[in-house]
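In what follows, a structure is listed as structure tokens, so that the remarks can point back to it.
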Amino acid sequence: MIQSHNLSKSYGSNTVLNIENLDIPKGQSFGLVGNNGAGKTTFFSLLLDLIKPTTGRITSNNIVVSESEDWKPFTSSFIDESFLIGYLTPEEYFYFIGDLRGQNKADVDALVSQFEDFFNGEIIGAKKYLRDLSKGNQKKAGIVAALIGNPEVVILDEPFANLDPTTQIRLKQIIKKLADDREISVLVSSHDLMHVTEVCERIVVLEKGEVIKDIRTSEATLKELEAHFASQSSS
Amino acid sequence: MIKHFLNLEWKQYFRSSYWQKNLLLNILLVFFALYFVAMFLIMGFALYPILKKVYPDSDPFVVANGFLFFWFLGDLFIRFFFQKLPVMSVKPLLTLPIKRSSVVNYVLGKSATNFFNFLPLFAVIPFGIILISKGYATGPILIWMLVMLLLTLISNYLNFVFESISAETELSFLPIIAVVGGLFALNHFNIINLAELLGNAVITITENPIYILMPIALLAALYFANFKSLRQKLFLDSSLKVKATQAKSTNLEWTKRFGSVAPFMQLDIKLLTRNKRTKSSLWMLGLGLLYGLFFYPQPMYREMTFMFAFIGIFVTGIFLINFGQFIPAWDSGYYKLLMSQNIPYKDYLRSKHTLMTLSVVLLFVLSIPYVYFGWKILLAHFAAAVYNIGVNTHVILYGGSFNRKKIELDQKAAFNFQGTGAVQWIIGIPLMIIPMAIFGIVNWLVSFEVAIAVLLILGLLGIVFHHKIMDFITQKYQDSKYKMIDAFSQNT
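Line order of the protein sequences matches chains A and H.
With the first letter of the first sequence counted as 1, position 216 gets the number 216 in the numbering used here; the numbers rise by one all the way through.
Here the numbering used here = 1-based position in the second sequence + 1000.
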């Protein structure tokens, strides 16, 4: 589904990402972990064509993302709060995204109603603009908006950060459900090793822009990751 | 403590990307400042002879004091729009061992050093010196200068009271207009002769210096009021407090008839009506519409036919200019979303175009009453409106593709240069000067009718080739996509 070839991004002489080859097959739930500055967000930004690769390219469904816009209809994402439109209410935001993805109000309502638990009654009908919601609630709205319109690729950058424990657990269930669907590839990055190992079937560790581990998740994965990052801090 | 504050601010100012990128704007501001200094100096020196000439029978000093009331109102009014309380990012300071009162005192004290407080001195001091040289007693005149300084500071702190009221009530500039207008009206209709009252009060002070305690007390009271309200705001919970603004949903079904651009038009209308900065630009519509009244009532300007096109462009295009110059920066806060969503760029731009076109039509209809000043004016406005629709909408959209400045929607608009770059200054030339020049030259060389026809034809050409032009503009935006995303995600 998603292939990167010779992909690199540098600012001046500083290379922030350098991935020779990374294939993510359709339907995989893919986790990206790494310390700050490892290149996780850079990779996602390249995948969404928000920045230009220095060398190489990413193809999504055989479409080179920096050359054509045809990947947009089946790709959705939530990277950070700059994906929210502050002066809309959450409902209006969902309808707006729905409009862009060819979903009418009823479709959007039907989808959003599945997430009543997740929203915990604080988002729908709260008569508040997105800019007035708490960081956590903003994130919830953004994540759900990324699920509108039957995307085949869902990209979530640090979805667990800023969420309360209950919501984290609910979000894990949501992502697992997405991962079970063999039509949808879910790409998640996180600092929380436990969460990613729970929801992702494959985990890639980035360090200074390079892939240094590519693991199929198993019982032993969490231990392995913890050992890896523990040794990082001591070195 | 103050040393630390000054140090922090120095760094904030010179390390901000705003300063580094906006050298041109800063130079321009310096020029403006020098211009005003010169104007005030001239006023200070010329006031005495002028008053002597206009009111030969009165004492110039007394006459000048009679005008103080208007000076004060004007000062207050202008300050409201152009002067803001110096901002300090206090959040990081709150947890440090710094007294809250010293932060507040610093902010308030710093406001006293504002350019607006020095400006009057450039007029007051020369005027005072001339008075002394003309034989007025030195003591009272020195007192008078001191009173002027006090008055300036009073209006300085009074302004912040108004600003905090406006900020809390979301009434924008209604309170200041109500108060200043109310005082002016009281005086104008002779209900209370405030001008004379203030003049006499000032003269009394110069004669009995002990009364100077009154303005000082007033100043102290205002300072204290500001101090109290600022100190209250200086707690973290007031900025963390959940704002209780009720979201209003608006029915914008009518936009559906515009087809695929409808979602964006709904978004734009919400953008305009729900944000501080854009709301103020809606206010500008009214002012722009009345712009012609500055000119047309005077026979002198009615002779200058070439001005008609310029005023027409301005009156029918005020929204176009105001809104258009910041495309796409209005959406800078969520530009990444737009760029990664399933959005045809062309529809996004066409929505802006449609909105601007509608505004031109609406403003033209509203400006029809100008026909009172002659049918030629109406005709010129019509041609200007067509030119606006056909040419200027495209010009300003094209200019937007060079836009690299982020806008924060929640900030007040007047004198807010955020998002302004060289593009905004340069774009004015093709937008206003070119049509005026074309119209003026053809009008001068051939005739009024032909000049109108030329503007109409240019406008119609733009309308006919709309789709071709939009394709070209869309390409321009696409080409600068990465640069815009990068620029919009930077904090200013």
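From the three backbone atoms N, C-alpha and C, an ideal C-beta is built for every residue, glycine too.
A quick note: this is a predicted structure, and the numbers were derived from the prediction, not measured.
Worksheet item: In the DSSP assignment, what residue or residues form a beta bridge with A/D214?
Response: By one-based count along the first sequence, residue 214 of chain A stands at place 214. Its beta-bridge partners are A/V204.
Discussion item. When you compare the stretch 16 to 23 of chain A with the stretch 182 to 201 of chain A, are there three or more beta-carbon pairs, one atom per stretch, that lie closer than 8 Å?
Written reply: Output reads no: the stretch 182 to 201 of chain A does not touch the stretch 16 to 23 of chain A.
Worksheet item: Mind checking H/H1467: buried by the 16 CB within 10 Å criterion, or exposed?
Response: What you label residue 1467 of chain H is simply residue 467 of the second sequence in a count that begins at 1. Under a 10 Å Cβ-count criterion, H/H1467 is classified as exposed, with fewer than 16 other Cβ atoms of the shown protein chains found around its own Cβ.
Practice prompt. List the residues of chain H that A/L50 touches, going by C-beta distances under 7 Å, in chain order.
Written response: Taking the first residue of the first sequence as position 1, residue 50 of chain A is located at position 50. The contact set of A/L50 on chain H, defined by CB atoms closer than 7 Å, consists of K1336, M1339, S1340, I1485 in chain order.
Worksheet entry | H/V1242 classed as buried or exposed, judged by whether at least 16 other C-beta atoms fall within 10 angstroms | The residue given as residue 1242 of chain H occupies position 242 in the second sequence. Per-residue confidence for H/V1242 stands at a pLDDT of 47, beneath the threshold of 50, marking its modelled position as unreliable; the derived number appears in the next sentence. Answer is exposed; the Cβ neighbour count stays below 16.
Item to complete: With distances taken Cα to Cα, identify the nearest neighbour of H/L1409 among H/D1059, H/L1121, H/T1273.
Response: Numbered from 1 along the second sequence, position 409 holds the residue referred to as residue 1409 of chain H. Nearest of H/D1059, H/L1121, H/T1273 to H/L1409, Cα basis: H/T1273.
Discussion item. Can you pull the chain A neighbours of H/N1275, defined as C-beta to C-beta under 8 Å?
Written reply: To locate residue 1275 of chain H, count along the second sequence from 1; it is residue 275. By Cβ distance, chain A contributes Y87.
Worksheet item: From A/I155 to H/G1400, what distance separates their C-alpha atoms?
Response: Position 155 of the first sequence holds residue 155 of chain A. Position 400 of the second sequence holds residue 1400 of chain H. Near 30 Å, if we compare the C-alpha coordinates of H/G1400 and A/I155.
Discussion item. So, with DSSP's three-state summary, where would you put H/R1404?
Written reply: On the second sequence, position 404 is the one that residue 1404 of chain H refers to. Here H/R1404 sits in coil by DSSP.
Discussion item. Using the three-state DSSP reduction, which class does H/K1346 fall into: helix, strand or coil?
Written reply: Taking the first residue of the second sequence as position 1, residue 1346 of chain H is located at position 346. Helix at H/K1346.
Practice prompt. Run down chain H in chain order and give the residues with a C-beta less than 9 Å from the C-beta of A/R101.
Written response: Position 101 of the first sequence holds residue 101 of chain A. Against chain H, a Cβ distance below 9 Å from A/R101 picks out Q1341, N1342.
Discussion item. If we define contact as Cβ-Cβ less than 7 Å, is H/F1415 a contact residue for chain A?
Written reply: Within the second sequence, residue 1415 of chain H is the residue found at index 415, counting from 1. In this prediction, H/F1415 has a pLDDT of 49, which is less than 50 and means its spatial position is unreliable; nothing more can be read from the coordinates.
Fill in: Beta carbon proximity, H/P1435 to chain A, threshold 7 Å
In the second sequence, counting from the first residue as 1, residue 1435 of chain H sits at position 435. No, its Cβ sits nowhere closer than 7 Å to a Cβ of chain A.
Worksheet item: Any Cβ of chain A within less than 7 Å of the Cβ of H/K1270?
Response: On the second sequence, residue 1270 of chain H is found 270 positions in, with the first residue counted as 1. By this cut-off, H/K1270 is an interface position.
Discussion item. I'd like to confirm the pairing. Which residues does DSSP put opposite A/R57 in its beta bridges?
Written reply: On the first sequence, position 57 is the one that residue 57 of chain A refers to. In DSSP, A/R57 forms a bridge with A/H5.
Discussion item. Check this for me: beta carbons of H/A1380 and H/A1309, under 7 Å apart or not?
Written reply: The count along the second sequence starts at 1 and reaches residue 1380 of chain H at position 380. The count along the second sequence starts at 1 and reaches residue 1309 of chain H at position 309. Yes, the Cβ-Cβ distance between H/A1380 and H/A1309 is below 7 Å.
Worksheet item: Between the Cα of H/T1255 and the Cα atoms of H/Q1325, H/G1182, H/E1207, H/S1351, which residue gives the shortest distance?
Response: Residue 1255 of chain H sits at position 255 when you count from the first residue of the second sequence. The residue with the shortest Cα to Cα distance from H/T1255 is H/S1351.
Worksheet item: Within 7 Å (strictly less), CB to CB, does H/L1240 reach chain A?
Response: Taking the first residue of the second sequence as position 1, residue 1240 of chain H is located at position 240. Low per-residue confidence applies at H/L1240: pLDDT is 46, beneath 50, and the placement is therefore not dependable enough to give any value.
Worksheet item: Using the C-alpha atoms, what's the distance from H/G1044 back to H/L1240?
Response: Walking along the second sequence from the start, residue 1240 of chain H turns up at place 240. Walking along the second sequence from the start, residue 1044 of chain H turns up at place 44. Confidence in H/L1240 is poor, its pLDDT being 46 and thus under 50, which makes the residue's placement unreliable; the coordinate value appears in the next sentence. Answer to the nearest angstrom: the Cα atoms are 49 Å apart.
Worksheet entry | Contact list for H/S1489 against chain A, beta-carbon separation under 7 Å | As a first step, residue 1489 of chain H is located in the second sequence; it is residue number 489 there, counting from the start. Going along chain A in sequence order, the residues near H/S1489 (Cβ under 7 Å) are S82.
Worksheet entry | Nonlocal neighbours in the same chain, by C-beta distance under 6 Å from H/I1130, ignoring five residues either side | The residue labelled residue 1130 of chain H in the question sits at position 130 within the second sequence. Result list for H/I1130: Y1048, in chain order.
Worksheet item: Alpha carbon to alpha carbon, how far is A/Y87 from A/Y129?
Response: To locate residue 87 of chain A, count along the first sequence from 1; it is residue 87. To locate residue 129 of chain A, count along the first sequence from 1; it is residue 129. Rounded to whole angstroms, the gap between the alpha carbons of A/Y87 and A/Y129 is 6 Å.
Worksheet item: What does H/Y1482 touch in chain A if you count any residue whose Cβ is under 7 Å from its own?
Response: For the purposes of this step, residue 1482 of chain H is taken as residue 482 along the second sequence, with counting starting at 1. I51, K52, listed in chain order.
Worksheet item: To the nearest angstrom, how far is it from the Cα of H/I1042 to the Cα of H/L1119?
Response: One-based indexing of the second sequence puts residue 1042 of chain H at position 42. One-based indexing of the second sequence puts residue 1119 of chain H at position 119. H/I1042 and H/L1119: Cα-Cα distance of roughly 12 Å.
Worksheet item: So, is the C-beta of A/F119 closer than 7 Å to a C-beta in chain H?
Response: Numbered from 1 along the first sequence, position 119 holds the residue referred to as residue 119 of chain A. The beta carbon of A/F119 does not come within 7 Å of any beta carbon belonging to chain H, so the residue lies off that interface.
Practice prompt. Assuming H/L1198 contacts H/L1068 (C-beta within less than 8 Å), just tell me the rounded distance between them.
Written response: Taking the first residue of the second sequence as position 1, residue 1198 of chain H is located at position 198. Taking the first residue of the second sequence as position 1, residue 1068 of chain H is located at position 68. Confirmed, about 5 Å.
Practice prompt. Could you give the DSSP three-state label for A/N18: helix, strand or coil?
Written response: If you number the first sequence from 1, residue 18 of chain A lands on position 18. Note: A/N18 maps to strand in three-state DSSP.
Item to complete: Give me the Cα-Cα distance between H/A1220 and H/V1107, rounded to the nearest whole angstrom.
Response: The count along the second sequence starts at 1 and reaches residue 1220 of chain H at position 220. The count along the second sequence starts at 1 and reaches residue 1107 of chain H at position 107. Separation of H/A1220 and H/V1107 (C-alpha to C-alpha, rounded to the nearest whole angstrom) is 16 Å.
Worksheet item: What in chain A is Cβ-close to H/G1333, meaning under 7 Å?
Response: On the second sequence, residue 1333 of chain H is found 333 positions in, with the first residue counted as 1. Those within 7 Å of H/G1333 in chain A are S82, G86.
Discussion item. Once the 5 residues before and after A/I124 are set aside, which same chain residues still bring their CB inside 8 Å of it?
Written reply: Start at 1 with the first residue of the first sequence, and residue 124 of chain A comes out as number 124. So the list reads P90, E91, V112, E116, once near-sequence residues are dropped.
Worksheet item: Run through DSSP, which three-state label would H/I1433 get?
Response: Your numbering for residue 1433 of chain H matches position 433 in the second sequence. Helix.
Discussion item. Going by DSSP, what residue range makes up the beta strand (DSSP E) through A/G174?
Written reply: Residue mapping note: residue 174 of chain A aligns to position 174 of the first sequence, counting from 1. In the sequence as displayed, the identity of residue 174 of chain A is Ile instead of Gly. Per DSSP, A/I174 belongs to no beta strand (DSSP E); it is in the alpha helix (DSSP H), 165 to 180.
Item to complete: Determine the direct distance from the alpha carbon of H/I1177 to that of H/E1196, and round the result to whole angstroms.
Response: Counted from its first residue, the second sequence places residue 1196 of chain H at position 196. Counted from its first residue, the second sequence places residue 1177 of chain H at position 177. CA-to-CA, the gap between H/E1196 and H/I1177 works out to about 22 Å.
Worksheet entry | H/R1079 burial status per 10 Å Cβ neighbour count (16 or more: buried) | What you label residue 1079 of chain H is simply residue 79 of the second sequence in a count that begins at 1. A buried status is given to H/R1079, since no fewer than 16 other beta-carbon atoms sit within 10 Å of its beta-carbon.
Discussion item. Quick check on this structure: which residue in A/A110, A/L147, A/L84, A/G121 has the alpha carbon closest to the alpha carbon of A/R131?
Written reply: What you label residue 131 of chain A is simply residue 131 of the first sequence in a count that begins at 1. The residue with the shortest Cα to Cα distance from A/R131 is A/L84.
Worksheet item: If we ignore side chains and look at the alpha-carbon of each, how far apart do H/F946 and H/P1328 end up?
Response: Residue numbering for chain H in the displayed model covers 1001 to 1492; residue 946 of chain H lies beyond these limits and cannot be assessed.
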